[in-house]
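Notes to accompany the following structure.
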Amino acid sequence: MAFWILAPIMVAAALGILFVRKAVHAALLLAVVMISLAVLYAVLDAPFLFAVQIIVYTGAILMLFLFVLMLVGVDASDSVVETIRGQRAMAIVAGLLLGGVLVTALGQITLGAVVGLDDANAGGNVQALANILFSKYVFAFETTSALLITAALGAMVLAHRERSTPKAGQAELAAQRMRDYATSGKHPGPLPSPGVFARHNAVDTAALLPDGTAAESSVSRVLAARGTVRSAPALADDVEVVQRQLGISAGSVTGAADTPEGGGKRGTTAHSEEEGS
Amino acid sequence: MNEYIVLSAILFTIGCIGVLTRRNAIVVFMCVELMLNACNLALVTFAKQHGNLDGQVAAFFVMVVAAAEVVVGLAIIMTIFRTRRSASVDDASLLKY
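Residue numbers (my numbering), protein chains in the order written: chain L, 2 to 278; chain P, 525 to 621.
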């Protein structure tokens, strides 16, 4: 019963791995296949492998895949250019032939009566597996430990990167800052904090310099790249409203209020305040 | 039990086609994992068919080897990506010349 529900899901998800563009989607479809396989293991009287499949495969291996995907870049999608002409078509034909041969051959055989694992699993599946693993297969088991250590060491050696230059310490950084100040006049201190201005302390409003212009370096470069930084003239518009409310003459204000609609959300709230008063 | 073996064959074939057609090294790797999983399904099925647990132990060893293989393989992919800025299997072709 579980088989006939899960088999179409597994085949569909496996086919999805072939056709999806993004590698992350392929990883998630592989997770579907692996969890369904775990359920099939439970159906096939292998509760230990059911747990191992979920913990090792879906838990560890797929997470490793996703980690590497995030490191390599999620949008590393396939190129459609073929380096060998007709390779894709030939691969599909060869694959379909292999599948056809396998399925026809398996259709011809009869497996006979199912013996079942009730006898073998009598004392518990895990205990029975441990009995075999630590008697008949003990050499293979010990070799496995050598393999795992080798794999861990290999991964560490491969993923390790030597520094080509020594790490800059605090003294070197300070000296570099002073050198920059001497050569290009770059301010040696920290960057100005954003939004230090009468009614705004949001990170997307630039700080104002003493001469009334916006300090571009006070806003995060990410916000600047997205284009969500509020402009200084819009802020000056707000100041004018406040001054009008307070009864101070607007003549002393520098004429920066020529774009009243540039303020976006802030501008509309300023207008509503004006109506309320 | 025949249907389990047929499903295992179908999954193996899909993984095979994936290895041959996909270009992203990580997706190729996932298809290899799919093939290993298909073999595991066959092993567990045969274990039930014949009534002894050797098949399940073999599937367990396949899982261990697959885990080791994934660790080393992904580290290699990371190293290649670091030097070539690409995870495509077609770009690592210097040994051809």
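Using N, Cα and C, we set each Cβ at its ideal position, and we do this for glycine too.
Neighbour flag for residue i against chain P, beta carbons, 8 Å
i, result
"L/G100", "yes"
"L/T166", "no"
"L/V254", "Only weak support exists for where L/V254 lies, its pLDDT of 47 falling under 50; the value from the coordinates is given anyway. Chain P contact via Cβ: absent."
"L/V73", "yes"
"L/I62", "yes"
"L/V223", "no"
"L/V57", "yes"
"L/A121", "yes"
"L/G124", "no"
"L/M2", "no"
"L/T84", "yes"
"L/V53", "yes"
"L/G87", "no"
"L/A8", "yes"
"L/G96", "yes"
"L/A257", "At L/A257 the pLDDT is 45, less than 50, meaning the model places this residue with poor confidence; the figure from the coordinates comes in the next sentence. Chain P, which has no Cβ nearer than 8 Å to the Cβ of L/A257, makes this no."
"L/V115", "yes"
"L/A226", "no"
"L/I93", "yes"
"L/V12", "yes"
"L/V69", "yes"
"L/V40", "no"
"L/A47", "yes"
"L/I249", "no"
"L/A215", "no"
CB-CB length for residue i against residue j, believed under 8 Å
i, j, result
"L/A216", "L/P193", "5 Å"
"L/A156", "P/A599", "4 Å"
"L/S185", "L/V204", "27 Å between Cβ atoms; not a contact."
"L/V158", "P/F605", "With a Cβ gap of about 17 Å, L/V158 and P/F605 do not count as contacting."
"L/L41", "P/A583", "Wrong, their Cβ atoms sit about 12 Å apart, outside the cutoff."
"L/I62", "P/V586", "Actually they do not touch by this definition, with Cβ atoms about 12 Å apart."
"L/L31", "P/L558", "7 Å"
"L/A92", "P/L544", "3 Å"
"L/L112", "P/A571", "Rounded, the Cβ-Cβ distance is 13 Å, inconsistent with contact."
"P/M592", "L/A152", "Correcting the residue identity first, residue 592 of chain P is Ala in this sequence and not Met. That belief holds up - the Cβ atoms of P/A592 and L/A152 are roughly 4 Å apart, short of 8 Å."
"L/A183", "L/P195", "Between L/P195 and L/A183 the Cβ distance is about 28 Å, and since that is not below 8 Å, they are no contact."
"L/N132", "L/A47", "In fact, because the Cβ distance is near 15 Å, the residues do not count as touching under 8 Å."
"L/A27", "L/V21", "5 Å"
Beta-carbon proximity list for residue i, same chain, < 8 Å, skipping 5 on both sides
i, result
"L/V44", "A3, F4"
"P/T625", "The structure shown does not extend to residue 625 of chain P, since chain P is modelled only from 525 through 621, so no value can be given for it."
"L/A129", "A121, N122, A123"
"P/D614", "R547"
"P/L577", "A571"
"P/I601", "A549, I550, F553, A611"
Short CB-CB distance (under 8 Å) between residue i and chain L
i, result
"P/T607", "no"
"P/M554", "yes"
"P/F540", "The question names Phe, but residue 540 of chain P is Cys in the sequence shown. Chain L, which has a Cβ nearer than 8 Å to the Cβ of P/C540, makes this yes."
"P/L618", "no"
"P/M559", "no"
"P/V586", "no"
Cβ-based neighbour list, residue i, same chain, cut-off 7 Å, excluding 5 preceding and 5 following
i, result
"L/S37", "L7, I10, M11"
"L/A160", "none"
"P/I538", "L558"
"P/C540", "M559"
"L/I18", "A27, L30, L31"
Same chain, Cβ closer than 6 Å to residue i, neighbours up to 5 away in sequence not counted
i, result
"L/L210", "A216"
"L/A176", "none"
"P/A616", "I604"
"L/V230", "D205, V220, L224"
"L/M64", "none"
"L/S218", "L192"
"P/V581", "none"
"L/V134", "In the sequence as displayed, the identity of residue 134 of chain L is Leu instead of Val. So the list reads F142, once near-sequence residues are dropped."
Legend entry - Touching by the beta-carbon criterion (3+ pairs, under 8 Å), the segment 54–66 of chain L and the segment 88–107 of chain L: no
Legend entry - Chain-ordered residues of the segment 566–577 of chain P with a beta carbon less than 8 Å from chain L: V568, T569, A571, K572, Q573, H574, G575, N576, L577
Inset, instruction - Please name the residues in the segment 175–196 of chain L whose beta-carbon is closer than 7 Å to at least one beta-carbon of chain P, in chain order. - result: none
Inset, instruction - Give the residues from the segment 128–159 of chain L that approach chain P closer than 9 Å (Cβ to any Cβ), ordered along the chain. - result: A129, L130, N132, I133, L134, K137, Y138, A141, F142, T145, L148, L149, T151, A152, A153, G155, A156, M157, V158, L159
Inset, instruction - Please name the residues in the segment 21–38 of chain L whose beta-carbon is closer than 7 Å to at least one beta-carbon of chain P, in chain order. - result: A24, A27, A28, L31, V34, M35, L38
Legend entry - Contact residues within the segment 103–114 of chain L, judged by C-beta distance below 7 Å to chain P: L103, V104, L107, L112
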